[in-house]
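Here is the structure we will look at.
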């Protein structure tokens, strides 16, 4: 990923900590891919009928992480209230998906890898939220 | 759109009002397309340098409406806390984008059409939120 | 959908037939939603283990239709070779998904509705391709 | 990115070379982010009116790379004809976007970084296509 290099043009105008934004974008794209892949691997498991909630949460988390990573990548005339609201939905998606994947991690290695990606994304979202000055909320 | 026909299999298990969900999904897809198109039309205007905020809000609103319409379309083992959190981000995106488009509506017809689509989506999101029982929040 | 109103600003520069583009964009968004919804309804069926291929094709068709509808909505300085290449991938996605859904249409009404949406999108893509002048290929 | 770990469950059934698929998915997600970010940085440039084609190609390339990375991440009951058709559209998107970004690379560092990401994605797509056995085409 070349997130840091791409955000350089905006470095002077940033309301948020550059490193926190970079890390959050990277985590969102990683988590989007992991969740897309985990939904697919769950679908291929013999006990797919026990993985329905996991698949739905994976697909929803992937969609939300993609949107979040995308809007965080846009910093020209951006609105931080909007970004923080979307990041907040992303935190919930990652928590729910990470918890569900963890339940199946003992039997399915892909669920463990995905749960870890969800945790990293959740943490990156929360760290970003903490760095945005109150005035912007 | 065939949203209503597609949601029939889930009609018995619904925590939310079926018509409110159908309407919200339709409005999200309509708004996603309108915002994508409005960003593009703004980009082609002679005064594009005055439309930077409009373009960014359009692109963000499109991404958020797509994600929201997509996750509302998934009702198997869904989680309403997650859906409501994403719908809440969608309300903010539609408000900001609708307000900005309205400012340019006098000069650009595409901004008027897009502002109207944003309003419809915002209202559909708020009506859906109002129908979901408190216990699900 | 307000596709036609949104494309008006571009009406003078069009290499393709405006109505064919409008129809194709509408069909792409409709099909994207129907496929997302059908994947979800299949996931909720008791015989989900027989619907694996249907779910994968639905999710892939949804992603491809979303991308296709989105890039067709952008007409400022667009490149028709790129658009036609993506439309061509969309035709294949709709054919495969429509065929697979049709196999299950007897047992699952959502598969019938989705198969019909895939057919409409496939036809709209092929009609659009036929209207773009050879010089643009 | 955890692409390799996520694809392990499918390693025995692969028609394509695992490393080529992993590399292509990583390149698609990287390029999607870079193009989203480059469109935004271009929009913020003083000479935005000269960057219209660059912005449109960036946004289209981002949408196509996202769809391509997503469908390559799904390997349960997948269809390689569909994947190759989408990968082929992705090659064209990356070529056009990379060429256009390269024209502006002298003045805009973000265009250079994005042009490089487009080249890597184009190459990864072509290498993947070369590894898929003829029978699957």
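Chains as they are written, first to last, in my numbering: chain A, 1 to 137; chain B, 138 to 274; chain C, 275 to 411; chain D, 412 to 548. Quick reminder that beta carbons are idealized off the backbone N, C-alpha and C, glycines included.
Report the neighbours of residue 189(B) on chain D: residues whose CB is nearer than 9 Å to its CB, in chain order.
454, 455, 459
When the Cα of residue 265(B) is compared with those of 153(B), 212(B), 200(B), which residue comes out closest?
153(B)
Minimum Cβ-Cβ distance from residue 443(D) to chain C less than 8 Å:
With 8 Å as the cut-off, residue 443(D) does not count as an interface residue toward chain C.
Beta-carbon separation of residue 228(B) and residue 171(B) under 8 Å?
no
7 Å CB neighbourhood of residue 226(B) in its chain, flanking five on each side removed
Closer than 7 Å at the Cβ level, and outside the excluded window around residue 226(B), lie 201.
Going by alpha carbons, who is nearest to residue 379(C) out of 312(C), 357(C), 396(C), 336(C)?
312(C)
According to the Cβ coordinates, are residue 511(D) and residue 454(D) closer than 8 Å?
Cβ atoms of residue 511(D) and residue 454(D): not closer than 8 Å.
Cα-Cα, which of 460(D), 435(D), 442(D), 430(D) is closest to residue 6(A)?
442(D)
Please compile the residues from chain B whose C-beta is within a distance smaller than 7 Å of the C-beta of residue 276(C).
167, 171, 250, 254
Determine, for residue 293(C), whether the minimum Cβ-Cβ distance to residues of chain B falls below 8 Å.
no
Measuring only between beta-carbons, confirm whether residue 436(D) sits less than 8 Å from chain B.
For residue 436(D), the answer is no, since every Cβ of chain B falls outside 8 Å of its Cβ.
Any C-beta of chain D sitting closer than 8 Å to the C-beta of residue 351(C)?
yes
Enumerate in chain order the residues of its own chain whose CB-to-CB distance from residue 261(B) is below 6 Å, with the five nearest sequence positions on each side excluded.
So the qualifying residues of the chain are 160, 161, 164.
Helix, strand or coil at residue 393(C) [DSSP, three-state]
The DSSP-derived three-state label of residue 393(C) is helix.
Assign residue 60(A) to buried or exposed, taking buried as 16 or more other Cβ atoms, counted over all protein chains shown, within 10 Å of its Cβ.
buried
Beta-carbon of residue 466(D) versus every beta-carbon of chain B: anything under 8 Å?
Yes, because at least one Cβ of chain B sits closer than 8 Å to the Cβ of residue 466(D).
Which residues, taken in chain order from the stretch 487 to 506 of chain D, show a beta carbon closer than 7 Å to some beta carbon of chain C?
487, 488, 489, 490, 492, 493, 496, 497, 499, 500, 503, 504
Is the beta carbon of residue 36(A) less than 8 Å from the beta carbon of residue 419(D)?
Contact: no.
Going by DSSP in three states, residue 210(B) sits in which element: helix, strand or coil?
coil
Pick from 405(C), 407(C), 342(C), 292(C): whose alpha carbon is nearest that of residue 367(C)?
342(C)
Helix, strand or coil at residue 289(C) [DSSP, three-state]
coil
Close Cβ partners of residue 440(D) (< 6 Å) along its chain, the five nearest in sequence each way excluded
480
Nearest to residue 130(A) by alpha carbon, out of 41(A), 55(A), 84(A)?
84(A)
Please tell me whether residue 481(D) has its Cβ less than 8 Å away from any Cβ of chain C.
yes
Alpha carbon to alpha carbon, what distance is there between residue 372(C) and residue 354(C)?
26 Å
Leaving out the 5 sequence neighbours to the left and right, which residues in its chain are closer than 7 Å to residue 412(D) when beta-carbon positions are compared?
437, 440
Assuming residue 54(A) and residue 111(A) make a contact with CB atoms under 8 Å, what is their CB distance in whole Å?
The pair is a contact, with the Cβ atoms about 7 Å apart (cut-off 8 Å).
So which residues on chain A does residue 426(D) lean against when the C-beta distance must stay under 7 Å?
What residue 426(D) touches in chain A: nothing, since even the nearest Cβ is about 15 Å away.
Taking all protein chains shown into account, do 16 or more other C-beta atoms lie within 10 angstroms of the C-beta of residue 387(D), making it buried, or fewer, making it exposed?
This structure cannot speak to residue 387(D), because chain D is shown only from 412 to 548.
Beta-carbon proximity check, residue 219(B) vs residue 72(A), cutoff 8 Å:
no
State buried or exposed for residue 122(A), treating a residue as buried only when at least 16 other CB atoms are found within 10 Å of its CB.
buried
Ignoring anything shorter than 4 residues or poking outside the stretch 38 to 121 of chain A, list the alpha helix (DSSP H) runs there in chain order.
52 to 72, 80 to 104
Coil, strand or helix - residue 6(A) by DSSP:
helix
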